[in-house]
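Accompanying notes for the structure given below.
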Amino acid sequence: MIRVQQAPFDSGEEQRRLWAERRDIGAVVCFTGLVRDFNERPDVTALTLEHYPGMTEAALEQIVAEAESRWPLQGVRLIHRVGRLTPGEPIVMVAVASAHRRAAFEACDFIMDYLKTRAPFWKKEESISGGYWVSERESDHRDAQRWAGPIAEQEATGRKSDNDDSP
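Take the sequence shown: its position 162, counting from 1, is numbered 162 in my numbering, and each next residue is one higher.
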């Protein structure tokens with residue numbers, strides 16, 4: 001389940017919906033991101049998130065599908081808010097269910113890393129001194145790179161790595 005919405009969400013309720021009526025789930029890992037009162041400047045008063053409807057949801061679906069192809073998952077709930085938010089409000093929630101904790105932890109981390117670098121969202125922060133668009137962070141790209149290996153590199157570039165001997 002993937003949603004992009006303006007309305008607030010209840011992380012606890014979303015997790016309960018993920019495992020409701022299921023007896024095969026052994027672990028649920030949930031990440032909820034909140035608006036901070038600091039980022040590029042120390043006095044953030046609001047954050048406006050914009051997206052490209054349709055394209056954003058498609059990118060999120062691809063990210064979740066990739067996670068499902070890497071780990072044995074039994075469910076994913078991803079909610080991302082758009083619109084004007086203030087410090088302390090939830091922005092994003094990723095909840096991942098699996099039979100085992102390791103798969104749930106890794107898949108949740110993967111989804112957030114790829115969401116930060118591959119999903120088309122634009123952030124504008126407001127501060128006491130004015131508004132400004134938030135730049136991409138190199139650290140987000142480094143975090144996402146952790147998940148790339150020879151196979152991921154092949155898929156991204158369409159070519160084999162130098163140490164791949166397969167035909």
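Virtual Cβ for every residue (Gly too), placed ideally from N, Cα, C.
Checking the DSSP bridge columns, you'll see residue 31 partnered with 94.
Taking C-beta atoms as the reference points, residue 52 and residue 120 count as a pair closer than 7 Å.
Per DSSP, the continuous alpha helix (DSSP H) segment holding residue 12 begins and ends at 11 to 19.
Within its own chain, the residues whose Cβ lies closer than 7 Å to the Cβ of residue 18, once the five positions on either side in sequence are excluded, are 28, 75, 77, 95, 97, listed in chain order.
At least 7 Å separates the beta-carbon of residue 100 from that of residue 4. Beta bridge pairing from DSSP links residue 49 with 83, 123. Rounded to the nearest whole angstrom, the C-alpha separation of residue 130 and residue 39 is 14 Å. Closest option to residue 41, judged by alpha-carbon separation, among 134, 13, 114, 91: 134.
Counted as a single uninterrupted DSSP element, the beta strand (DSSP E) harbouring residue 2 occupies residues 2 to 5. Between residue 111 and residue 82 the beta-carbon gap is near 18 Å, outside 8 Å, which marks them as no contact.
Judged by DSSP secondary structure, residue 38 falls outside any alpha helix (DSSP H); it is assigned neither H nor E.
For the set 33, 117, 122, 43, the Cα lying nearest the Cα of residue 139 is the one of 117. Residue 127 and residue 46 have their C-alpha atoms spaced approximately 7 Å apart.
Residue 88 holds the alpha-carbon nearest to the alpha-carbon of residue 37 among 88, 6, 103. CA-CA distance, residue 15 to residue 30, rounds to 8 Å. Between the alpha carbons of residue 143 and residue 68 lies a distance of about 19 Å.
Counting only the Cα atoms, residue 102 lies some 11 Å from residue 109. In this chain, the alpha helix (DSSP H) harbouring residue 64 covers 55 to 70.
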